[in-house]
Ligand SMILES: [Zn+2]
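Residue numbers (my numbering): 34 to 318.
Below is the structure:
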């Protein structure tokens, strides 16, 4: 990983073919740097000879910091609600000094997706369901803001084979009514197919929730969390250590769905980010 990064400046000097090779290698080691709402900003925050700094986003959520070849790199999740323009992180060095570093988020137009849900209570929930939804919203907020100290592995694999049936960030209209943008990637797959952990980690939560159905949350470390939803079967338990690629459950259609698929979300510093940025390009489709 470090060697690949060291060769990065070489593309300026060598052929475009070499550039593609190097770029492909880097894409395996890190999420793609994409400064859009719902994207990821990879920012050098200190010389790697120095001690690891602590980094916080604008909402004071701690940001993952990875040891690169020549720099410590902050891996910042950008909120889908982020306005285009200048944003910043706060860097607190080991000797206690804090400084700000800016980065510019560009505009990105996500497409609109229209869906028809037969179970009307999943679109216009009744009073009893609303109580449950509010309770689960609080739980979800807490889960995606989890920060544990182990350094995450950022080379992800696609958790299940299948075509993309719902892109991240899509503005969604359920039964002609506007709802929140899509916070993950949908992968169409037959019910019962094995779902694999995208990266190593620890099971943070398992349960059956109103919208997302049977879910597994995995804590990969330093605020990097992944969510697998609408499962028919869960094979793991809270607190269990998970290897990359390990089967964690089966594809299903629990929760708010139009058919069997895996909904897969990735969170960084409490923000849902585009899971495609964590996959090598050729594996996205
Ligand atoms: Zn989805």
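For glycine and all other residues, C-beta sits at the position ideal for the given N, C-alpha and C.
### Query
Can you list every residue whose CB sits closer than 6 Å to some heavy atom of ligand 1, going in chain order?
199, 215, 217, 219 and 296
### Query
Which of helix, strand or coil does DSSP assign to residue 309?
helix
#### Entry: Sub-8 Å separation of residue 289 and residue 244 beta-carbons
yes
### Task
Measure from the alpha carbon of residue 104 to the alpha carbon of each residue in 268, 191, 277 and 79, then state which is nearest.
79
### Task
Rank 172, 167 and 308 by C-alpha distance to the C-alpha of residue 232 and give the top, closest one.
308
### Query
Which of the three DSSP states, helix, strand or coil, is assigned to residue 170?
helix
### Message
Can you tell me whether residue 223 is buried or exposed? The criterion is at least 16 other CB atoms within 10 Å of its CB, across all chains shown.
### Response
exposed
### Residue of 84, 95 and 109 minimising C-alpha distance to residue 181
95
### Message
Looking at the secondary structure, which residues open and close the beta strand (DSSP E) in which residue 218 lies?
### Response
218-221
### Task
Give the range of the beta strand (DSSP E) segment to which residue 264 is assigned.
257-264
### Message
For residue 280 and residue 228, which I take to be in contact (beta-carbon distance under 8 Å), what is that distance rounded to the nearest angstrom?
### Response
7 Å
### Task
Work out the CA separation of residue 129 and residue 263 for me, nearest whole Å.
44 Å
### Task
Counting only the same chain and skipping the five closest in sequence on each side, list residues whose C-beta sits under 6 Å from that of residue 66.
75
### Message
What does DSSP give as the partner residue(s) for residue 74 in the beta ladder?
### Response
109
### Message
Quick check: the stretch 290-310 against the stretch 254-271, are at least 3 beta-carbon pairs closer than 8 Å?
### Response
yes
### Message
Please report the straight-line C-alpha distance between residue 152 and residue 256, rounded to a whole angstrom.
### Response
34 Å
### For residue 107, the nearest candidate out of 238, 85, 268 and 127 (CA to CA)
85
### Message
Taking the alpha-carbon of residue 141 as reference, which of 269, 91 and 113 has the nearest alpha-carbon?
### Response
113
#### Entry: Per-residue DSSP class, three states only, for residue 122
strand
### Query
Is residue 236 near residue 249, with beta carbons less than 8 Å apart?
yes
### Task
Would you identify the three-state DSSP class for residue 159, choosing helix, strand or coil?
coil
### Query
Could one say the Cβ of residue 186 lies closer than 8 Å to chain C's Cβ atoms, at least one of them?
Although the question refers to chain C, the structure presented lacks it and comprises just one protein chain.
### Residue closest to residue 190, alpha-carbon to alpha-carbon, out of 277, 234, 201 and 226
277
#### Entry: Beta carbon of residue 210 nearer than 8 Å to that of residue 269
no
### Task
Report the residue from 110, 91, 193 and 214 whose alpha carbon sits nearest the alpha carbon of residue 144.
214
### Query
What does a CB cutoff of less than 8 Å around residue 136 pick up in its chain, not counting 5 residues either side in sequence?
68, 74, 76, 109, 119, 120, 121 and 122
### Pairwise C-alpha distance: residue 102 and residue 241
42 Å
### Query
Are the CB atoms of residue 225 and residue 284 nearer to each other than 8 Å?
yes
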